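Participant: Chains as they are written, first to last, in UniProt numbering: chain A, 1 to 649; chain B, 1 to 711. Every residue, glycine too, gets a C-beta built ideally from N, C-alpha and C. Given the structure is predicted, the values throughout are model-derived calculations rather than measurements.
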């Protein structure tokens with residue numbers, strides 16, 4: 001027996017696995033193609049003609065490629081949603097309604113705080129525009145005459161300046177009248193198109209701590225300039241006032257709400273909860289879930305909604321802070337923060353404003369379908385509001401956090417983050433410059449807030465339709481006003497005026513609720529059945545086929561290669577032993593002959609009918625060189641004609 | 001070689017068909033052929049007729065080396081091969097099982113049933129796909145938004161110096177008419193009352209009072225009018241009178257009265273009609289407006305807390321709405337972006353709404369008109385707009401919504417309007433509104449010969465004016481009626497654009513300025529902007545336009561059945577009912593191809609044997625018989641072609657009568673002839689291992705031959 005034979009016998013004995021169905025890779029492929037259930041493969045082997053085979057290989061590979069491509073498409077489109085819109089008719093929860101007066105504080109109450117500022121504003125108006133001294137103003141001046149001698153505190157810090165368009169860099173200070181040189185960049189360069197005669201623009205200059213870096217803000221309109229300048233100082237002053245005091249200075253619920261009706265039943269100020277907004281003073285929220293119940297309306301239509309008459313005392317308005325009269329109303333979810341400035345709807349005095357609502361609910365699917373967040377817990381921004389997460393809250397929180405980080409203090413119109421104070425220039429002298437710079441960066445999306453904040457997944461939305469009518473009518477005014485005056489008699493000691501009142505109706509137009517729901521368009525079962533469809537369509541393949549492919553192409557393939565390598569290694573080892581063994585040089589020859597390998601493996605798998613004589617008679621007797629030729633001619637003549645036959649196929 | 005050939009010509013049914021497990025099957029085929037399809041039977045007959053005497057020489061090349069492409073020698077062989085190797089389930093039972101008729105019939109019924117069910121299902125699936133269903137997607141996006149363009153108009157048509165004369169004349173006649181009809185005496189009229197009679201006739205289409213129904217004793221014209229009275233407001237007028245004016249066609253043969261129940265409407269419409277005529281006489285280049293017009297109208301402008309500048313707006317003049325300013329239009333150098341919602345982050349304008357230069361009969365509204373539209377859309381102030389009240393601060397909150405439709409087969413919409421048969425006359429992108437206006441203008445030009453003044457006109461067409469086109473009014477009102485009832489087809493011609501951006505507006509109002517602040521505000525305005533304080537609140541208005549939220553809804557469509565899902569569903573059905581695949585179909589195609597080729601070859605062989613072989617000996621017949629098989633690869637390899645064709649055709653000389661060697665050269669291992677076993681041993685093609693099932697071993701061959709001989 002040849003040494004190679006021995007090695008193989010050993011391998012077979014030692015290896016527990018019987019091994020693949022074929023000794024060589026080519027045979028394995030052939031075996032697979034003939035036996036698999038996958039369409040196409042069999043034809044590769046069975047077809048006659050090289051071109052035919054080539055074509056069938058092409059077809060089969062195309063089918064495989066198509067399957068892979070289509071399945072990839074299916075996988076990639078797995079995370080799609082289907083939208084269903086449901087309209088339901090049911091008793092609807094009434095939303096929370098927050099009502100604010102546009103003017104934050106009663107001017108008579110805050111005047112002592114703002115006296116200096118008012119004084120200086122009037123001075124500025126006078127020197128800037130040459131306002132005539134009206135009787136009223138003189139009164140005001142005498143009212144604050146005790147402060148007359150004091151040094152102008154505010155203008156000193158941030159003076160209003162008059163910029164001359166002709167001489168660049170030259171400005172005139174209102175108070176001192178002297179010209180000063182302006183360094184730094186002029187940020188908001190206004191053109192003179194809005195002006196007819198004057199080429200002068202008004203603005204103010206904000207400087208950082210060391211005053212080397214200054215930014216000048218100019219306004220095309222004097223009204224805007226004055227208001228902006230006033231607002232800056234106003235925020236400084238109010239930032240130092242404690243909250244309790246501010247609440248006391250603002251309107252009480254009884255004052256603001258003259259009458260109240262809900263769902264046909266009378267209600268009063270006790271149904272409203274206080275919510276203090278920094279820029280709008282005391283706001284009152286109706287239906288704020290205060291006693292764990294959410295009110296609902298039984299019917300649609302204006303009769304069954306909220307009806308309130310608001311008292312808006314125009315006399316108490318701050319002349320410089322706000323220039324319009326009215327109230328703001330915000331319709332929001334109970335756990336939502338009312339963004340008065342963003343989504344508020346204005347209510348005009350001496351008018352009845354009817355607001356018809358239509359509710360739309362939206363539910364989105366979160367990751368991995370979309371980038372929304374369920375409750376904001378996965379957004380790295382701390383919610384400084386005491387309310388449920390929303391995109392708006394996230395943006396404001398982000399800005400406020402950045403403000404505290406960069407400027408050391410918090411902006412006045414937003415809630416305070418923990419361990420921070422509102423900005424005022426006693427403690428933070430250059431916060432305004434910092435704020436303006438930061439705001440500019442925020443608007444230009446340099447702070448990254450817009451990219452960090454995600455939208456909320458579910459939200460309710462009330463679509464509003466507003467209509468207006470004159471109220472009260474000429475004839476009803478005669479009895480209505482005295483009655484309301486008598487009602488409010490305890491609070492107001494003067495006769496109500498038509499322009500001090502506003503009526504507001506908020507109601508559901510109908511009790512239809514529209515819900516927009518997203519649901520996954522594909523499920524795993526759908527995906528699998530689609531996979532099955534694709535596999536079946538192109539190749540009539542199944543999961544078993546896939547397992548078969550894995551078995552044949554990976555396990556058997558590698559086991560064949562591994563066996564080859566093992567044999568080679570054995571062979572190499574045998575050759576190494578050669579110097580001791582005289583027969584050694586012969587063995588590689590026998591090994592090189594592929595027929596030998598085949599012979600060894602054949603009996604194990606096929607019916608060994610033809611082979612035992614071949615093995616028994618031929619191999620041991622003949623010397624190795626002759627051995628090959630003999631074998632091929634005699635013992636395997638039958639076999640070899642098979643090869644021909646196969647080729648004929 | 002020759003010996004080999006002869007030896008192998010005996011078996012009728014050539015042996016290489018591998019899967020013949022049972023000899024009796026073949027026997028059956030021979031003695032009583034099965035009935036799979038009529039064609040193969042016929043083929044079999046052919047085969048038997050032809051092949052019988054012929055030597056089966058083609059065996060030769062396959063034995064040596066696989067050719068480029070090979071064909072079966074007979075239909076039977078082909079069908080055997082097909083039945084053994086096909087992957088179509090069911091069908092194979094039907095065609096290939098010959099055991100008994102019951103079984104065949106049973107399989108035929110089963111096969112037909114599944115076939116029908118499958119095609120019914122296929123029909124349903126294709127029907128669904130080709131109805132192009134779409135599913136709606138609603139996305140909420142939140143990014144920085146581009147602020148839309150905002151157009152604001154004074155509602156105060158400007159009086160041009162050029163047409164001042166004519167307008168004054170029109171005013172005078174209007175006043176005169178008012179006096180005649182309603183005894184309304186305006187102060188201006190008093191002065192000119194002397195020339196009442198003369199002035200009356202200067203303008204065509206005078207306004208007159210009509211009795212309804214008109215008096216029958218009227219002239220022919222009046223009778224013609226009786227049929228053509230256009231009832232705009234049925235029977236709400238005072239008594240039986242209607243106010244209207246007459247419009248006639250070119251030769252006065254057909255006239256109708258454009259009547260109104262309300263005198264206000266009638267006078268306005270009449271005035272409007274004449275105003276259009278006067279406007280059309282204006283030169284193309286509009287008179288340059290004074291520089292300070294914007295300052296006169298807009299006192300202050302801020303966006304995002306920043307003052308506007310000259311680059312932010314553009315100006316145009318609208319004949320009805322006066323001076324209009326478009327902020328953030330398409331020629332704005334850098335578009336405004338909103339990165340925060342809210343009233344402080346929007347556009348804020350202070351406006352002058354004083355009415356000192358109004359044309360009393362043209363505009364009866366005071367205030368201003370604002371419209372929000374996309375950057376590249378024209379501002380149709382008629383179609384969408386918002387009137388602003390004086391003395392009020394109007395806060396308009398916007399919510400953006402976009403709609404994307406799937407074009408093409410999925411819906412009737414147009415991507416950019418290029419496929420709409422209406423020429424876009426506006427210098428803007430396609431919208432449905434633009435298209436409808438263009439369409440109206442087009443038909444106006446076609447029917448009336450002149451262009452309507454409020455829409456742009458194409459080159460070398462004039463605006464309508466009754467001095468040049470005397471009957472355009474008649475034409476226009478007729479056309480207007482046709483247009484409204486869609487006789488012009490504009491509404492069907494103009495398709496929806498595929499992507500639409502809309503802004504939902506809602507407004508809140510508050511009084512502005514407040515009592516306490518009005519003093520300094522008015523003072524300031526008067527100093528800075530020449531505002532006359534006596535007008536007080538009615539002379540000013542404020543408007544804020546801002547985004548309510550940065551979330552915007554995108555409604556988009558997507559095909560609900562895509563090609564991938566369609567194929568998956570087809571595959572599922574196919575697998576379920578038939579268990580075959582696309583590759584099975586390819587197998588069928590191959591079968592058909594093979595059938596055709598074999599038929600062709602047989603015809604060729606028959607032809608040849610008829611015209612060539614009778615003249616030759618047995619040897620020649622052999623040669624010819626050998627050619628078909630070899631000529632098959634000849635289609636693909638030119639080398640054998642020249643050989644096989646030239647041999648019988650040109651020189652059938654004995655020197656070239658030995659084709660077998662030529663075949664041998666085809667193969668890569670030219671054997672020196674002789675025993676096949678030796679040649680194959682020289683070429684170790686394929687492994688030695690054979691599957692018994694498909695490849696009958698050599699031992700079977702004698703048995704095979706015996707079978708064939710038996711027949």
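1) Does the beta-carbon distance from residue 582/B to residue 462/A come in below 8 Å?
2) What residues from the region 128-155 of chain B come within 7 Å of chain A, judged by C-beta to C-beta, listed N to C?
3) Going by the DSSP bridge assignment, what does residue 542/B pair with across the sheet?
4) Counting along the chain, where does the alpha helix (DSSP H) carrying residue 121/A start and finish?
5) Please report whether the beta-carbon of residue 653/A lies at a distance below 8 Å from any beta-carbon of chain B.
6) Quick check on residue 248/A: does DSSP put it in helix, strand or coil?
7) Under DSSP, the beta strand (DSSP E) around residue 605/B begins and ends at which residues?
8) How many Å lie between residue 9/A and residue 567/A at the Cα?
9) Could you tell me which whole alpha helix (DSSP H) segments of length 4 or greater appear in the region 370-435 of chain B?
10) Is the beta carbon of residue 353/B closer than 8 Å to that of residue 723/B?
11) Considering only C-alpha positions, which residue in the set 540/A, 534/A, 372/A is nearest to residue 452/A?
12) Contact between the region 306-317 of chain A and the region 474-482 of chain B is defined here as three or more beta-carbon pairs at a separation below 8 Å; is this criterion met?
13) Residues of chain A with a CB under 9 Å from the CB of residue 302/B: which are they?
14) For residue 294/A, which option in 59/A, 279/A, 286/A has the closest C-alpha, if you only look at C-alpha atoms?
15) Alpha carbons only, please: which of 467/B, 351/B, 169/B is nearest the one belonging to residue 526/B?
16) Should residue 458/A be flagged as near chain B, meaning a C-beta pair shorter than 8 Å?
17) Tell me, which residues are paired with residue 307/A by DSSP?
18) Are the Cβ atoms of residue 397/B and residue 506/B separated by less than 8 Å?
19) What residues in its chain sit with their C-beta under 7 Å from that of residue 519/A, if we drop five residues either side in the sequence?
20) Helix, strand or coil: how does DSSP classify residue 487/A here?
21) Decide if residue 116/B is buried, meaning its Cβ has at least 16 other Cβ atoms within 10 Å, or exposed.
22) Cα separation between residue 439/B and residue 490/B?
23) I need the straight-line Cα distance from residue 257/B to residue 466/B, nearest angstrom please.
24) On the premise that residue 25/A lies in contact with residue 557/A, defined as a C-beta separation below 8 Å, what is that separation, rounded to the nearest angstrom?
25) If you check the beta carbons only, do residue 423/A and residue 280/A fall under 8 Å apart?
26) From 519/B, 604/B, 598/B, pick the residue whose C-alpha is nearest to that of residue 70/B; which is it?
27) What span of residues does the alpha helix (DSSP H) with residue 574/B cover, start to end?
28) Excluding the 5 residues preceding and the 5 following residue 138/B in the sequence, name in chain order all residues of the same chain whose CB lies nearer than 6 Å to its CB.
29) Any beta carbon of chain C sitting closer than 8 Å to that of residue 300/A?
30) I'd like to know if residue 510/A contacts chain B, where contact means its C-beta is closer than 8 Å to some C-beta of that chain.
31) Please classify residue 500/A as buried or exposed, where buried requires at least 16 neighbouring CB atoms within 10 angstroms.
32) How many angstroms separate the CA atom of residue 223/A from the CA atom of residue 509/B?
33) Leaving out five residues before and five after residue 510/A in sequence, what residues of the same chain have Cβ atoms less than 6 Å from its Cβ?
34) Please list the residues of the region 564-588 of chain B that have a C-beta atom closer than 7 Å to any C-beta atom in chain A, keeping them in chain order.
35) Going by C-alpha to C-alpha distance, which of 421/B, 496/B, 349/B sits closest to residue 414/B?
36) Helix or strand or just coil, what does DSSP make of residue 357/A?
Facilitator: So, from the data block:
1) Position 582 of the second chain, counted from the first residue, corresponds to residue 582/B. Position 462 of the first chain, counted from the first residue, corresponds to residue 462/A. Not a contact, by the Cβ cut-off of 8 Å.
2) 135, 136, 137, 138, 140, 142, 144
3) Position 542 of the second chain, counted from the start, is the residue given in the question as residue 542/B. Answer is 350/B, 393/B, bridged to residue 542/B.
4) As a first step, residue 121/A must be located in the first chain, where it is residue number 121. 107-129 is the span of the alpha helix (DSSP H), which, as asked, contains residue 121/A.
5) Chain A is shown from 1 up to 649; residue 653/A falls before or after that span and cannot be answered.
6) For the purposes of this step, residue 248/A is taken as the residue at position 248 of the first chain. Residue 248/A falls in the helix class under three-state DSSP.
7) Counting from 1 along the second chain, the entry for residue 605/B is found at position 605. Run containing residue 605/B: none in the beta strand (DSSP E); it sits in the alpha helix (DSSP H), 582-611.
8) Working through the first chain from its first residue, we reach residue 9/A at position 9. Working through the first chain from its first residue, we reach residue 567/A at position 567. If I take the Cα positions, the gap works out to 11 Å.
9) none
10) Limits of chain B in this structure are 1 at one end and 711 at the other, which puts residue 723/B out of reach.
11) Here residue 452/A refers to the residue found at position 452 of the first chain. Among 540/A, 534/A, 372/A, the Cα nearest to that of residue 452/A belongs to 372/A.
12) no
13) Start at 1 with the first residue of the second chain, and residue 302/B comes out as number 302. What residue 302/B touches in chain A: 219, 220, 221, 224.
14) Working through the first chain from its first residue, we reach residue 294/A at position 294. When each option's Cα is compared against that of residue 294/A, the closest is 286/A.
15) Taking the first residue of the second chain as 1, we reach residue 526/B at position 526. Ranking the options by Cα distance to residue 526/B, first place goes to 351/B.
16) Numbered from 1 along the first chain, position 458 holds the residue referred to as residue 458/A. So no, residue 458/A is outside the interface.
17) What you label residue 307/A is simply residue 307 of the first chain in a count that begins at 1. Residue 307/A is bridged to 261/A, 505/A.
18) For the purposes of this step, residue 397/B is identified with residue 397 of the second chain, where counting begins at 1. For the purposes of this step, residue 506/B is identified with residue 506 of the second chain, where counting begins at 1. Yes, the pair counts as a contact, with Cβ atoms nearer than the cut-off.
19) Counting from 1 along the first chain, the entry for residue 519/A is found at position 519. These residues qualify, in order along the chain: 81, 82, 84.
20) For the purposes of this step, residue 487/A is taken as the residue at position 487 of the first chain. Of the three classes helix, strand and coil, the one that applies to residue 487/A here is helix, per DSSP.
21) Here residue 116/B corresponds to residue number 116 of the second chain, with the count starting at 1. Its Cβ having fewer than 16 others within 10 Å, residue 116/B is exposed.
22) What you label residue 439/B is simply residue 439 of the second chain in a count that begins at 1. What you label residue 490/B is simply residue 490 of the second chain in a count that begins at 1. Whole-angstrom Cα-Cα distance: 6 Å.
23) Counted from its first residue, the second chain places residue 257/B at position 257. Counted from its first residue, the second chain places residue 466/B at position 466. Approximately 17 Å, taken between the alpha carbons.
24) By one-based count along the first chain, residue 557/A stands at place 557. By one-based count along the first chain, residue 25/A stands at place 25. At roughly 7 Å, the Cβ-Cβ gap stays under 8 Å, so residue 557/A and residue 25/A are in contact.
25) Along the first chain, read from residue 1 onward, the residue named residue 423/A stands at position 423. Along the first chain, read from residue 1 onward, the residue named residue 280/A stands at position 280. No.
26) The residue given as residue 70/B occupies position 70 in the second chain. The shortest C-alpha separation from residue 70/B is found at 598/B.
27) Counting from one through the second chain, the residue named residue 574/B turns up at place 574. Run containing residue 574/B: 563-577, per the alpha helix (DSSP H) assignment.
28) As a working mapping, residue 138/B is identified with position 138 in the second chain. Taken in chain order, the residues that qualify are 555.
29) Included in the structure are the protein chains A and B, with no chain C among them.
30) The residue given as residue 510/A occupies position 510 in the first chain. No, residue 510/A lies away from the interface with chain B (no Cβ there is under 8 Å from its Cβ).
31) Here the question's residue 500/A lines up with position 500 in the first chain. When all chains shown are included, residue 500/A counts as buried.
32) Position 223 of the first chain, counted from the start, is the residue given in the question as residue 223/A. Position 509 of the second chain, counted from the start, is the residue given in the question as residue 509/B. Near 20 Å, if we compare the C-alpha coordinates of residue 509/B and residue 223/A.
33) Position 510 of the first chain holds residue 510/A. Cβ neighbours of residue 510/A beyond the five flanking positions: 300.
34) 564, 565, 567, 568, 569, 570, 571, 572, 574, 575, 579, 580, 581, 582, 583, 584, 586, 587
35) As a working mapping, residue 414/B is identified with position 414 in the second chain. Looking at the Cα atoms, 496/B is the closest of the given residues.
36) Taking the first chain and counting its residues from 1, one reaches residue 357/A at position 357. Note: residue 357/A maps to strand in three-state DSSP.
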